[in-house]
Structure formats: C-alpha cells, structure tokens
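S.K.: So that we are looking at the same thing, I have put the structure below in structure tokens.
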Amino acid sequence: MVNTQVHLCGLTLDNPVIPASGTFGYGREFAELYDLDILGSISFKGTTPEERGGNPLPRIAECPQGMLNSVGLQNPGLEEVCTRELKELAKIYHKPVIANISGFSVEDYVTCARAMDREEQVGIIEVNISCPNVHNGGMAFGTDPASAAEVTKAVRRVTDKPVFMKLSPNVTDIAEIARACEAAGADGLSLINTLLGMRIDIQRRQPVLANKMGGYSGPAIFPVAVRMVYQAARAVRIPIIGMGGISTAEDVIEMMMAGATAVQVGAANLVDPFACPNIIETLPTLMEKLNIRNLEEIIGVIE
Amino acid sequence: MVNTQVHLCGLTLDNPVIPASGTFGYGREFAELYDLDILGSISFKGTTPEERGGNPLPRIAECPQGMLNSVGLQNPGLEEVCTRELKELAKIYHKPVIANISGFSVEDYVTCARAMDREEQVGIIEVNISCPNVHNGGMAFGTDPASAAEVTKAVRRVTDKPVFMKLSPNVTDIAEIARACEAAGADGLSLINTLLGMRIDIQRRQPVLANKMGGYSGPAIFPVAVRMVYQAARAVRIPIIGMGGISTAEDVIEMMMAGATAVQVGAANLVDPFACPNIIETLPTLMEKLNIRNLEEIIGVIE
Amino acid sequence: MKQQYLTVRSVTEIQKNIYKMKLSGNCTEISAPGQFINIRLAGFYLRRPISIASWDAASLTIVFRTVGAGTEALSRVEPGTSLDVLMPLGNGFDLTKGGSSPLLIGGGIGLPPVYGLARAMVQEGMTPRVIAGFNTKNDVILTKDFNFLGIEPVITTMDGSEGLRGTVTDAAANADTGYVYACGPEPMLKAVYDICGDGQFSFEARMACGFGACMGCSCKTKYGYKRICKDGPVLQKEEIIW
Amino acid sequence: MKQQYLTVRSVTEIQKNIYKMKLSGNCTEISAPGQFINIRLAGFYLRRPISIASWDAASLTIVFRTVGAGTEALSRVEPGTSLDVLMPLGNGFDLTKGGSSPLLIGGGIGLPPVYGLARAMVQEGMTPRVIAGFNTKNDVILTKDFNFLGIEPVITTMDGSEGLRGTVTDAAANADTGYVYACGPEPMLKAVYDICGDGQFSFEARMACGFGACMGCSCKTKYGYKRICKDGPVLQKEEIIW
Ligand SMILES: Cc1cc2nc3c(=O)[nH]c(=O)nc-3n(C[C@H](O)[C@H](O)[C@H](O)COP(=O)(O)OP(=O)(O)OC[C@H]3O[C@@H](n4cnc5c(N)ncnc54)[C@H](O)[C@@H]3O)c2cc1C
Ligand SMILES: Cc1cc2nc3c(=O)[nH]c(=O)nc-3n(C[C@H](O)[C@H](O)[C@H](O)COP(=O)(O)OP(=O)(O)OC[C@H]3O[C@@H](n4cnc5c(N)ncnc54)[C@H](O)[C@@H]3O)c2cc1C
Ligand SMILES: Cc1cc2nc3c(=O)[nH]c(=O)nc-3n(C[C@H](O)[C@H](O)[C@H](O)COP(=O)(O)O)c2cc1C
Ligand SMILES: Cc1cc2nc3c(=O)[nH]c(=O)nc-3n(C[C@H](O)[C@H](O)[C@H](O)COP(=O)(O)O)c2cc1C
Ligand code: FES
Ligand code: FES
Chain A
1 MVNTQVHLCG
11 LTLDNPVIPA
21 SGTFGYGREF
31 AELYDLDILG
41 SISFKGTTPE
51 ERGGNPLPRI
61 AECPQGMLNS
71 VGLQNPGLEE
81 VCTRELKELA
91 KIYHKPVIAN
101 ISGFSVEDYV
111 TCARAMDREE
121 QVGIIEVNIS
131 CPNVHNGGMA
141 FGTDPASAAE
151 VTKAVRRVTD
161 KPVFMKLSPN
171 VTDIAEIARA
181 CEAAGADGLS
191 LINTLLGMRI
201 DIQRRQPVLA
211 NKMGGYSGPA
221 IFPVAVRMVY
231 QAARAVRIPI
241 IGMGGISTAE
251 DVIEMMMAGA
261 TAVQVGAANL
271 VDPFACPNII
281 ETLPTLMEKL
291 NIRNLEEIIG
301 VIE
Chain B
1 MVNTQVHLCG
11 LTLDNPVIPA
21 SGTFGYGREF
31 AELYDLDILG
41 SISFKGTTPE
51 ERGGNPLPRI
61 AECPQGMLNS
71 VGLQNPGLEE
81 VCTRELKELA
91 KIYHKPVIAN
101 ISGFSVEDYV
111 TCARAMDREE
121 QVGIIEVNIS
131 CPNVHNGGMA
141 FGTDPASAAE
151 VTKAVRRVTD
161 KPVFMKLSPN
171 VTDIAEIARA
181 CEAAGADGLS
191 LINTLLGMRI
201 DIQRRQPVLA
211 NKMGGYSGPA
221 IFPVAVRMVY
231 QAARAVRIPI
241 IGMGGISTAE
251 DVIEMMMAGA
261 TAVQVGAANL
271 VDPFACPNII
281 ETLPTLMEKL
291 NIRNLEEIIG
301 VIE
Chain C
1 MKQQYLTVRS
11 VTEIQKNIYK
21 MKLSGNCTEI
31 SAPGQFINIR
41 LAGFYLRRPI
51 SIASWDAASL
61 TIVFRTVGAG
71 TEALSRVEPG
81 TSLDVLMPLG
91 NGFDLTKGGS
101 SPLLIGGGIG
111 LPPVYGLARA
121 MVQEGMTPRV
131 IAGFNTKNDV
141 ILTKDFNFLG
151 IEPVITTMDG
161 SEGLRGTVTD
171 AAANADTGYV
181 YACGPEPMLK
191 AVYDICGDGQ
201 FSFEARMACG
211 FGACMGCSCK
221 TKYGYKRICK
231 DGPVLQKEEI
241 IW
Chain D
1 MKQQYLTVRS
11 VTEIQKNIYK
21 MKLSGNCTEI
31 SAPGQFINIR
41 LAGFYLRRPI
51 SIASWDAASL
61 TIVFRTVGAG
71 TEALSRVEPG
81 TSLDVLMPLG
91 NGFDLTKGGS
101 SPLLIGGGIG
111 LPPVYGLARA
121 MVQEGMTPRV
131 IAGFNTKNDV
141 ILTKDFNFLG
151 IEPVITTMDG
161 SEGLRGTVTD
171 AAANADTGYV
181 YACGPEPMLK
191 AVYDICGDGQ
201 FSFEARMACG
211 FGACMGCSCK
221 TKYGYKRICK
231 DGPVLQKEEI
241 IW
C-alpha cells in the first residue's frame with residue numbers, strides 16, 4: 001500500500017491533486033460527474049472585491065497542446081462568493097479549500113483576504129499576483145519583487161490562514177520573486193500562472209482574442225513550469241504548489257520531484273472533466289511502479 | 001502571381017523563410033536533400049571565438065509539441081568557421097547568409113563580429129545575447145537592457161553590416177530590451193530564442209538533460225513568440241526576424257502579421273528536414289487564398 | 001452531461017464542404033433540440049462544439065461545415081471510429097413558448113439545429129413554418145429533410161440562385177413574426193431580433209470547456225452574465241444585449 | 001538519407017515487451033548493418049531512432065523494446081499503416097576490419113543490429129562467432145534467427161536462467177577477443193572495450209534530428225567531436241573516450 005498524503009502548512013491532503021483556480025468554477029459542474037471529496041483540495045475561481053464581468057468575447061484561442069484565455073477574472077464579487085458560492089461549495093465538498101484572490105491594488109487583496117479569513121472552509125489563501133497594479137502603470141504585481149512583497153506583507157497581516165503567493169511566469173528571474181515573497185512572510189508559493197501569449201486569425205487579420213493577448217496554459221507550458229518550480233524550490237524553504245500543464249499522474253510525479261509539495265490541474269479539467277479523478281486513480285499504481293511508498297519522499301529529490 | 005519578396009536592411013530576400021541558427025548546421029546535411037538556393041537566407045550555427053565542445057550528453061529532451069536542447073553552443077570556433085565552414089557553405093548556397101555569433105563577454109562578440117564583417121557572403125550579423133555573461137554573475141546579456149545595449153554598441157562599432165540582436169524570451173519585459181537594442185544602434189531584432197525549460201526522468205529521478213535545464217523550442221512556444229514579436233514590433237521601428245515554433249506557411253503569415261519582416265524556422269527542420277521547402281512551396285497558394293499580393297503588405301497589420 | 005463514446009456510422013458530403021455525420025451510442029440524455037456535443041479530435045487540444053441536428057435514443061446526426069483544421073479532420077474520420085464526446089450540452093430550445101405554428105429561421109450552417117427543432121415540433125403535433133437562408137444555391141442544405149417532415153421551407157439566397165433573392169428577414173416580411181426561433185450567423189440573428197415580436201436565439205462562441213466551468217464563453221444579458229455553453233446556446237429575446 | 005514511407009507488414013511480440021516489426025518499401029540505400037531509421041509517430045514531437053535488424057532491397061525488420069510511450073505506440077501500429085521515416089541513418093559497421101571470424105557481442109535490445117551484422121557477414125562468406133547477453137531467459141531474443149544463419153550464439157543470462165550465468169565478458173573469457181563488434185548497454189560496451197584487442201562499438205544517444213544537423217548527440221572522441229547519429233552510431237575502439 002502506498003501513501004499519497006501530503007502536508008501543506010498544517011493541512012493534510014489525502015492526495016496532492018487540486019483543481020486550479022479558474023478551471024473548476026466552484027465545483028458544481030464537476031460534482032455532477034464525480035464525488036469531489038476524492039480531491040486533495042479545490043482552488044476556486046479568483047475572487048475580487050467587486051463583481052467583474054470579464055473581457056469581451058472571444059476569450060478562448062486554441063494553441064498547440066494548450067489554449068489561451070482572456071476571461072479577465074470574471075467572478076460575482078467577494079460578497080456573493082462568500083454568501084452564496086462558498087455555501088454551495090460546502091454542500092458538495094467537505095475538506096478545506098483554497099481561496100484564490102485577485103486585485104488591482106493592495107487594498108483589493110487585503111479586502112479579499114480579510115473576508116476569506118472568516119470563511120471556515122478556507123484552508124489556504126492563494127494570492128494571484130499576475131494582475132496589473134493600477135497604481136503602478138499596470139505592471140503586474142507578480143513581475144516586480146517589491147510589489148510582490150508588498151502584497152504579501154499586507155495580506156499576511158490580516159489573516160491567520162496560510163498565505164500562498166501565486167507567481168507569474170512572465171518574469172526574468174522567478175527565484176528573485178520567490179525569495180521576495182518568502183522574506184515578506186508568505187507561507188507557501190503557487191506557480192505557475194499562465195504564460196502570456198497571442199494568436200492571430202490570419203483570415204480576419206485580427207487577434208483571435210478580443211483582448212489581443214491571453215494566458216497560455218496546458219501541456220505546452222509544462223517544461224517551463226517544471227523549470228520554474230525547480231528554481232523556486234531551490235530558492236526558498238516554504239512549500240510550493242506546482243502547476244502548469246499537468247494532465248497525467250506522471251506529470252504530478254515530475255512536478256513533485258522538481259520541488260512541489262502539491263499540484264494543481266488547470267486546463268486539463270476543461271478538455272477532460274475527469275482529468276483529476278483519472279490522475280488520482282492512477283497515482284498509486286504509478287507510485288508502485290516507481291517504488292515510491294510515501295509520495296512525500298519524492299518532493300524536490302532533484303538536486 | 002503573388003510576390004513573396006521581403007526587404008531586410010538593404011537585402012532583398014526571395015522569400016522570408018530562413019532556417020534558424022543551430023538547427024541547420026552549415027547547411028550540408030540539407031543540401032543532400034534539396035537545393036538550398038530556394039531559401040530566403042540561412043542563419044548558420046552560432047559561432048564563438050574559440051572552439052566549444054558543448055555540454056555533456058544527454059542534450060535533448062522531448063516535450064509536448066516541442067523539445068529541449070542543451071547543446072551549449074558547440075561549434076568549431078571562429079577561425080575554423082571562416083576558413084572552412086563558410087567556404088563550404090558558399091559552394092552550396094549562393095545568397096547572403098546570416099552570421100549568428102555568441103559570446104560570454106563583450107570582447108567575444110566583438111571578436112566574432114570583426115571577423116564576420118570581413119566575410120563577403122555574410123549579409124547580416126545576428127548577435128545571440130541569450131548567453132551568460134561571465135563578467136556579470138552569469139546573468140544572460142539578453143535579460144538586462146543595459147548589457148544588451150552594451151553588446152549592441154560594441155558590435156555596431158566594428159562592422160558595417162546590418163546588426164540584428166537576437167533576444168531571449170526569458171524576460172519580464174521584451175519591449176524594454178527591444179528598445180534598449182534599438183537605441184544602442186541595432187539595425188534589427190531576431191526573436192525569440194528558446195524558452196528555458198526542464199524535464200525530469202521520473203524513473204531515474206534525474207533531469208533528462210545532463211545540464212538540467214535547456215532551451216524549449218517547437219510549436220509549443222509559438223503563441224509566446226507571436227506575442228513577443230508583436231510587443232517588440234510595437235516598441236521599435238527597426239525590422240524584426242520572427243521565430244519560435246514556426247512549422248507551416250500559416251505560421252509564417254501569423255508571425256508576419258504580428259510584426260515580423262522575415263522568419264526563421266528552427267526545430268521544425270530537425271523533425272522534418274523538408275520543413276522549409278514545404279513552407280516555401282505552400283506560401284504562394286496560401287497567399288492567394290488570403291488575398292495577399294505582396295507578402296510585405298501584411299507585416300505588422302495587427303494593431 | 002456525460003463523457004462518452006459515439007461510433008461514427010457514416011460521413012456524407014451533402015454540399016461542397018458540408019458534411020452530415022451519423023453517430024450511434026446512448027443518446028437518451030438529450031432533452032431538447034438546440035443542444036450540442038463537444039468532440040475531441042486527435043491532434044487538437046480543444047474539443048469542437050457541434051449542434052445535434054436530430055437524434056433518437058441510440059443515435060444522432062450532426063451537420064457541419066469544414067472551416068478549419070478541426071472540422072477538416074472530423075470530415076475525414078472513418079466510419080467505425082469511436083469519438084470521445086461530452087454530451088448533451090447546453091439548454092436547447094423551449095418548444096412551449098411560440099404557440100402551435102411558430103416561425104423558425106435558420107441561416108447557413110445554423111440550419112441543422114433548426115431542423116432538429118422542427119422535427120421535435122412536428123413530433124409534438126405542431127406545425128412550424130421555416131425560412132432557410134443561404135449565400136448561394138451551393139450552400140442550400142436539408143431541404144429534403146424538411147420535406148420529409150412535411151415542411152416546405154422558404155429558401156432564400158443572397159444571389160437569388162435558388163428560392164427568393166435576399167435575406168431571411170426579406171422573406172419574413174410578410175410572415176407572422178410574432179414568435180421566432182432563430183439560429184445562424186450573428187448579423188442574421190440581430191436582423192431577426194429587430195423584426196420579431198419575441199423569440200429564441202441560438203448563439204455561438206469560442207469555447208474551452210463547453211460545460212460551464214471556465215467562463216470562456218460568458219456574455220452579459222439583461223438577467224446577468226450567462227455562459228453560452230451552459231446557460232445557452234439559446235437565449236430568450238428579452239434577455240439579449242447586442 | 002531520404003525521407004520516405006514504409007508500410008508496416010507485421011508486428012509480433014517475440015518476448016514480453018519486445019516486438020519484431022516488418023516493414024516494406026525502398027531499402028536500396030541501406031549500405032551497412034548497424035544503420036538505423038528514425039520514425040515519426042503521431043502525437044510525438046521527436047522521431048524515434050531504431051536500428052535496422054535486417055533488410056533486403058524492398059523490406060526491413062526492426063526489433064524494439066517498449067520502454068516508454070513512443071515505443072508503446074509503435075508496438076500498437078496496425079499492419080498496413082504507412083510510417084514516415086528518415087533512412088538510412090548512421091555509418092553502420094565496417095565488416096572488413098575484423099578478419100574472417102570476428103567475435104560479435106550483443107546485449108539485450110542491442111542484439112538486433114548484431115544479428116544484422118552477422119547476417120551480412122555470413123552473406124560475405126565469413127563465419128562470425130556470437131555472444132548474446134541478457135538479464136534473464138525472458139529477455140532472450142533472436143536465437144532461432146542466428147541458428148537460421150548457421151550460427152549457434154553463446155547465450156548468457158545474469159541469473160543463469162538460460163545459457164551461461166554471468167556477463168558477456170565472462171563468456172568471452174576463453175574466446176579470441178582480438179577484434180570485437182559490440183552493441184548493447186553502455187556498461188557492457190565498456191566491459192567489452194576493456195577486454196578486447198580492437199573493435200567497433202555501437203552507441204546510443206538521445207537525438208533530435210538523427211541526421212547530423214543539431215549537434216544534439218555530439219560527443220568527444222580522440223579524433224574530435226563526433227555525432228552519434230551521423231558519424232556513428234558505430235565508433236572504432238581507438239577513438240573512444242569513456
Ligand atoms: C454551440 C455551438 C454549436 C455549433 N454547431 C455547429 C454545427 O452544427 N455545424 C457547424 O458546422 N458548426 C457548428 N459550430 C461551429 C463549430 O464549432 C466551428 O466551426 C468549429 O469549432 C471550427 O473548428 P475548426 O478546427 O475547423 O476551425 P479553426 O478555426 O481552426 O478552430 C480554431 C478554434 O476556434 C474555434 N472556433 C472556430 N470557429 C468557431 C465557431 N464558429 N464557433 C465556435 N468556435 C469556433 C474552434 O472550436 C477551435 O477551438 C457550433 C459552435 C458552437 C459554439
Ligand atoms: C541509434 C539508435 C538505435 C536504436 N535502436 C534500437 C533498437 O533497435 N531497438 C530498441 O528497442 N531501441 C533502440 N534504440 C533506443 C530507442 O530509440 C528508444 O528506446 C526509444 O526512443 C524510446 O522511446 P519511448 O518513447 O518509448 O521512450 P521515452 O523515454 O518516453 O522517450 C522520450 C525521449 O527520449 C528518447 N529516448 C529514450 N530512451 C532512449 C534511448 N535508449 N536512446 C535514444 N533515445 C532515447 C526518445 O527517443 C524520446 O525522444 C536505439 C536508439 C538509438 C539512438
Ligand atoms: C480559463 C482559465 C481561468 C483562470 N483563472 C484563474 C484565476 O482566476 N486565478 C488564478 O490565479 N489563476 C487562474 N488561471 C490559471 C490557472 O489556475 C493555472 O495557474 C494555469 O492555467 C496553469 O495551469 P494549467 O496549465 O494546468 O492550466 C486560469 C486559467 C484558465 C485556463
Ligand atoms: C538544437 C538547437 C540549437 C540552437 N542553437 C542556437 C545557436 O547556436 N544560436 C542561436 O542564436 N540560437 C540557437 N537556437 C535557437 C533557435 O535558433 C531558435 O531561436 C529557437 O529554436 C526557436 O525557434 P524554433 O521553435 O523554430 O526552434 C538553437 C535551437 C535548437 C533547437
Ligand atoms: S466554454 Fe467554459 S464556460 Fe462556456
Ligand atoms: S541528433 Fe542531431 S546531430 Fe545527431
């Protein structure tokens with residue numbers, strides 16, 4: 001018998017597989033297909049203080065082994081999420097969840113973190129800093145160590161729950177950002193968010209996305225994600241939730257060997273709604289094949 | 001009849017399709033398969049002042065729709081390239097070529113540029129600044145605007161040939177680097193070089209590459225390349241050679257609409273040695289289908 | 001919604017670049033015309049959404065136009081092949097709202113779900129009227145299928161090469177447009193919207209999941225944001241914002 | 001080297017996880033045993049290099065072990081399928097250097113090219129001696145094929161479950177090892193290198209192109225850098241640096 005448990009800042013996950021924020025809504029669509037309680041946790045759709053309608057359509061473009069999205073953080077806003085979505089989520093999922101929060105100013109993050117701090121089911125607050133900082137020329141918080149640290153500190157101050165900073169891969173030096181977040185008090189890191197990409201409709205001579213550029217996710221970004229998780233893991237001592245292109249149990253093992261304690265599965269849920277259950281089902285067999293008894297023993301084995 | 005000609009700093013290319021440096025050697029292997037003179041130009045393997053053996057094996061890892069390489073700039077060194085390889089190349093290719101040069105210090109680049117300046121067949125000098133600067137903590141020249149500008153200026157000073165700076169995609173802000181190179185006197189830009197990636201052999205619990213990390217190329221990086229070419233093209237007025245994941249005539253059109261005047265085809269040559277001739281053959285038909293008379297009319301049509 | 005496998009029974013080119021494909025498998029969950037299936041194709045990351053044109057308990061038919069590499073590949077799938085599909089998706093049309101003889105308007109490749117709707121209505125004893133608009137006579141599809149239901153569609157072509165010359169709204173000018181069911185390109189939907197009293201409109205959007213998880217297809221309506229894939233593709237006239 | 005299509009004629013599992021595949025097509029360019037082909041497989045970016053085990057003008061045979069997703073997929077290719085291959089690749093063995101009765105040593109899945117070499121030698125009237133090493137009797141392959149050439153290979157297994165117990169070099173201890181041709185895992189090659197007078201050694205490397213363009217497989221030899229794919233896979237003893 002193999003052991004798939006992993007520990008994340010005091011939480012014990014039955015397995016490391018977590019649907020990624022924005023690719024699982026609040027679980028409702030998937031709960032019709034399988035029992036969500038098999039999941040290690042769930043990172044629900046990014047919450048902002050106010051409701052957001054998101055970007056104009058089209059928001060989706062196909063890529064080789066991946067996709068672009070420019071959903072633009074559409075969500076019903078903090079209040080609605082807390083009063084309605086989380087109540088519904090509690091009915092279909094019975095373990096701690098990960099509250100993914102977003103914002104366009106430090107105050108936005110603080111507002112969301114404060115509210116999520118009061119939500120019993122929230123086990124971890126995951127702070128998406130790939131968003132543009134409206135007070136800093138629109139440069140994403142996650143692309144500047146100082147801004148990343150500022151958000152980390154501010155959020156850290158208003159909650160007792162573990163704070164995971166979710167890093168953008170669109171940076172020169174991921175280790176530098178990782179260290180800045182750790183130094184500012186982050187309990188863990190989530191990475192990677194989507195790579196910035198663009199596709200053009202050559203017939204219409206226009207970008208496919210109304211928003212021109214969008215976030216690239218799916219298997220195509222996996223080698224970049226493994227590299228960044230590896231680099232970040234070697235730069236900090238706090239745990240890492242690794243993601244980017246994971247779609248098989250093999251990918252989970254590879255990401256954990258690179259340094260991740262748990263993983264998130266994003267785009268894969270969209271093209272195969274059974275991606276997570278399939279991975280969770282395959283994991284023990286694969287562990288046996290690879291002579292892994294306790295999944296935690298492989299975290300960061302790569303030197 | 002459609003016109004596939006493009007103009008690049010005084011050079012007229014019969015078509016925009018150029019094999020990318022490092023994926024075509026000095027053309028010999030391909031000359032056995034087809035007449036190289038159909039190509040718009042050729043960017044030959046990166047030259048360093050001294051011979052380089054490159055990195056230990058394995059140097060190649062497979063990825064979803066792409067590959068990692070850690071060849072490590074293996075090349076016979078400047079003297080051998082000029083006295084032997086270019087003489088051989090001149091026998092099998094009869095148009096101006098692109099001299100890709102690399103280095104680990106500004107002097108390295110200058111040495112190579114000086115020598116290439118004297119080579120009659122060299123039409124453009126393409127300066128690969130993805131290499132680590134040994135005098136600056138190993139940080140790649142191409143990840144820092146000041147270093148990129150310094151190399152640009154130094155090379156610009158020692159040659160009359162057009163200088164194209166070849167940019168690394170592993171940066172937060174490609175537009176900033178592009179502007180720095182333009183301001184320092186670059187005649188054009190080539191982008192993108194490979195994305196830094198990593199794969200792990202989960203059976204052996206080791207990185208697949210002996211060098212751990214390597215450069216990701218192939219269709220998987222295409223959406224990132226299109227985005228960066230678009231961003232760079234809007235940031236500068238000098239022409240751009242676009243590359244990264246191109247393998248079809250459609251990709252060529254998309255990259256040109258994003259802002260490229262010509263394109264390079266890299267990894268595709270390796271898995272399909274006829275990639276370039278196939279693209280060149282398909283291009284006119286595709287242009288007709290898309291109502292493009294002169295290929296140059298689509299350069300940067302995307303706003 | 002389920003993930004399941006359907007077996008391709010036949011693929012027929014019914015017009016230049018337009019194919020009818022019959023598939024067999026469990027179709028008992030399909031609940032309304034206008035629903036669609038999302039098809040996984042080898043070599044493509046995203047699934048391809050295609051409307052159900054007609055169905056029974058153990059089979060369904062789709063009709064599609066080849067517009068890109070995905071639909072090209074679909075047209076070349078061999079009979080006997082198993083296709084991984086998510087189905088049924090979307091809300092579909094509500095038959096109960098338009099009276100016993102509503103007007104159905106389909107444009108181009110938007111006609112297949114309109115055919116499915118007409119078929120379901122006839123099965124319910126209703127007598128739908130149908131206007132079918134195309135660019136030219138080489139695009140005209142499904143006429144015989146409608147005839148088989150006892151319906152004589154009014155055909156319009158932009159160039160007048162078959163049926164009336166002009167748009168579907170030209171053809172609808174003298175008809176009762178009190179309640180209209182419409183599916184077709186967006187400019188057509190808008191034109192129909194402008195002339196009808198009330199009705200239902202089926203929309204398209206680029207989709208990632210097709211089952212409501214990603215917000216990739218969400219658009220604003222008078223009743224809040226709706227996901228074309230899950231809360232649509234059929235929207236009621238009253239809620240549409242152009 | 002050419003890019004061409006070979007048609008799969010048959011795929012047989014000759015041992016657990018080891019397959020023999022016969023392919024037909026123009027094989028007239030193959031010039032030496034030890035050359036290989038590079039096979040494109042749907043769904044995989046890089047081609048898979050596999051040695052030619054034997055060939056004639058219009059067909060060739062490969063023998064491969066399923067070690068990952070690519071070789072798994074190859075083992076499931078249906079007869080009749082066309083495979084896109086680059087061939088012939090590499091230098092192959094030089095038959096002329098080892099006298100009339102050289103020693104051939106193959107280890108595990110390195111045996112197929114050794115078989116091809118033995119076959120070519122027999123055709124030239126030579127009388128090669130063969131040592132074939134495996135982990136266990138369930139890995140033993142090609143014995144009958146050698147017998148058919150009139151050769152009785154000395155079989156060794158690490159666990160002694162078939163033939164002699166031990167390594168190929170154990171088995172070679174009493175043989176004339178003046179000139180050896182070897183193909184197998186690198187530790188085996190090294191062991192053979194250490195006990196033989198002279199010889200030729202066939203290497204493996206992760207490859208991108210397989211035809212000399214990318215330097216992905218280049219390694220240092222006493223005579224400068226060599227590309228395993230183009231200047232190899234067979235290296236002469238005198239040039240090898242471990
Ligand atoms: C609910 C719904 C029902 C549909 N029903 C039908 C039908 O019955 N018959 C039919 O011929 N077509 C139908 N379509 C359109 C069909 O999905 C597209 O023509 C198809 O996806 C194009 O794929 P491609 O690979 O050939 O084109 P490409 O342009 O190469 O596709 C690239 C990407 O864009 C998407 N895409 C391109 N065009 C459209 C489009 N019009 N709508 C949505 N996504 C698009 C593709 O799905 C893919 O993700 C429907 C679309 C939707 C949303
Ligand atoms: C010149 C040459 C001749 C060969 N001849 C044979 C043969 O006759 N029979 C046989 O069974 N095998 C042979 N091999 C090894 C064979 O190429 C690999 O087993 C195969 O590529 C593995 O592919 P995979 O997708 O199953 O494994 P994966 O591990 O999933 O492959 C991942 C990547 O690594 C590469 N790779 C993995 N193992 C090897 C290896 N040992 N050598 C080179 N690349 C590797 C793959 O090509 C692919 O690019 C030969 C290799 C070379 C270089
Ligand atoms: C449609 C979509 C919406 C997303 N929304 C969010 C979000 O709200 N917050 C966030 O932090 N990440 C969001 N992401 C990023 C994913 O959580 C994940 O980091 C990324 O997609 C990489 O993983 P993948 O390749 O497995 O999809 C979104 C991704 C997709 C595809
Ligand atoms: C095996 C290999 C070797 C390369 N060597 C060089 C090089 O010497 N100099 C250089 O500037 N780029 C080099 N590159 C990068 C390519 O020229 C190109 O920028 C990159 O691969 C992206 O294009 P692609 O996706 O079409 O391959 C190399 C790429 C590969 C795959
Ligand atoms: S396509 Fe995902 S919500 Fe509609
Ligand atoms: S694999 Fe490209 S040179 Fe050998």
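Chains as they are written, first to last, in the UniProt record's numbering: chain A, 1 to 303; chain B, 1 to 303; chain C, 1 to 242; chain D, 1 to 242. Beta carbons: idealized from backbone N, C-alpha and C, even for Gly.
Run down chain A in chain order and give the residues with a C-beta less than 9 Å from the C-beta of K220 of chain C.
M.R.: Ordered by position in chain A, the residues that pass the 9 Å Cβ test against K220 of chain C are G53.
S.K.: DSSP puts L46 of chain D in a beta bridge; with which residues?
M.R.: In DSSP, L46 of chain D forms no bridge with anything.
S.K.: Beta-carbon of K166 of chain A versus every beta-carbon of chain C: anything under 9 Å?
M.R.: Chain C, which has no Cβ nearer than 9 Å to the Cβ of K166 of chain A, makes this no.
S.K.: Does the stretch 60 to 70 of chain B come close enough to the stretch 206 to 216 of chain D to have 3 or more Cβ pairs within less than 8 Å?
M.R.: yes
S.K.: Between the stretch 39 to 69 of chain B and chain D, which residues of the former have a C-beta closer than 8 Å to a C-beta of the latter?
M.R.: K45, G53, G54, L57, P58, R59, I60, A61, E62, C63, P64, Q65, G66, M67 and N69
S.K.: Taking Cβ positions only, does G300 of chain B come closer than 9 Å to chain D?
M.R.: no
S.K.: Which value, in whole angstroms, describes the spacing of the CA atoms of A210 of chain A and D144 of chain B?
M.R.: 32 Å
S.K.: Contact criterion: CB-CB distance below 9 Å. Does R65 of chain D meet it with respect to chain B?
M.R.: Not flagged as an interface residue toward chain B: R65 of chain D, since no C-beta distance is shorter than 9 Å.
S.K.: Could you work out which residue in A:P207, A:F164, A:A184 and A:G138 is closest to K153 of chain A when comparing CA atoms only?
M.R.: A:A184
S.K.: For V224 of chain B, go through chain A and note every residue whose CB falls closer than 8 Å to its CB, in chain order.
M.R.: L195, L196, G197 and Y216
S.K.: For F134 of chain C, which of helix, strand or coil comes out of DSSP?
M.R.: strand
S.K.: With a threshold of 8 Å, establish whether the CB of G68 of chain D neighbours any heavy atom of ligand 2.
M.R.: yes
S.K.: Less than 8 Å between the CB atoms is what I'm expecting for T261 of chain B and L8 of chain B, so what's the real figure, rounded?
M.R.: 6 Å
S.K.: Straight-line CA distance for I131 of chain D to T96 of chain D?
M.R.: 20 Å
S.K.: Assess, as a yes-or-no matter, whether the stretch 32 to 43 of chain B is touched by the stretch 182 to 190 of chain D under the definition of 3 or more beta carbon pairs within less than 8 Å.
M.R.: Flag = no, the stretch 182 to 190 of chain D and the stretch 32 to 43 of chain B do not touch.
S.K.: In chain B, which residues lie less than 9 Å from S45 of chain D when you measure between Cβ atoms?
M.R.: The amino acid occupying residue 45 of chain D in the given sequence is Tyr; Ser does not appear at that position. By Cβ distance, chain B contributes E62, C63, P64, Q65, G66, M67, G218, P219, A220, A267 and V271.
S.K.: Can you determine whether any heavy atom of ligand 3 sits closer than 8 Å to the C-beta of G245 of chain A, and answer yes or no?
M.R.: It does: the Cβ of G245 of chain A is within 8 Å (strictly closer) of some heavy atom of ligand 3.
S.K.: Name the chain A residues that come within less than 8 Å of A258 of chain B, Cβ to Cβ?
M.R.: M198 and I200
S.K.: Along chain B, which residues have their Cβ under 8 Å away from the Cβ of C217 of chain D?
M.R.: L57, R59 and I60
S.K.: With a threshold of 9 Å between beta carbons, is Q264 of chain B in contact with chain D?
M.R.: Interface criterion not met: the Cβ of Q264 of chain B is under 9 Å from no Cβ in chain D.
S.K.: Measuring only from the beta carbon, is K230 of chain D closer than 8 Å to any heavy atom that is part of ligand 4?
M.R.: no
S.K.: Does the CB of K243 of chain A have a neighbour CB from chain B at under 9 Å?
M.R.: The sequence shown places Met at residue 243 of chain A, not Lys. Under the Cβ distance rule, M243 of chain A does not count among the residues neighbouring chain B, no pair being separated by less than 9 Å.
S.K.: Can you tell me the Cα-Cα spacing of D198 of chain D and G99 of chain D, whole angstroms?
M.R.: 11 Å
S.K.: What are the residues of the stretch 4 to 16 of chain B that lie near chain D, defined by any Cβ-Cβ distance shorter than 8 Å?
M.R.: Considering only beta carbons, no part of the stretch 4 to 16 of chain B lies closer than 8 Å to chain D.
S.K.: Using 9 Å as the threshold, is the C-beta distance between S217 of chain A and G66 of chain A below it?
M.R.: In terms of Cβ geometry, S217 of chain A and G66 of chain A form a close pair [threshold 9 Å].
S.K.: If you draw a straight line from the C-alpha of residue 244 of chain D to the C-alpha of G138 of chain B, how long is it?
M.R.: Any question about residue 244 of chain D goes unanswered here, given that chain D covers just 1 to 242.
S.K.: Using 8 Å as the cut-off, classify the Cβ of L46 of chain C as near or not near the heavy atoms of ligand 1, replying yes or no.
M.R.: Distances taken from the Cβ of L46 of chain C to the heavy atoms of ligand 1 include one shorter than 8 Å.
S.K.: Measuring CA to CA, which of A:C131, A:V155 and A:P284 is closest to G72 of chain A?
M.R.: A:C131
S.K.: Consider the C-beta atom of N38 of chain D and the heavy atoms of ligand 4; say whether any pair is separated by less than 8 Å.
M.R.: No - ligand 4 has no heavy atom lying nearer than 8 Å to the Cβ of N38 of chain D.
S.K.: Any beta carbon from chain B within less than 9 Å of T282 of chain A's own beta carbon?
M.R.: no
S.K.: What in chain B is Cβ-close to C196 of chain D, meaning under 9 Å?
M.R.: Chain B residues near C196 of chain D: none, gap ~23 Å exceeds 9 Å.
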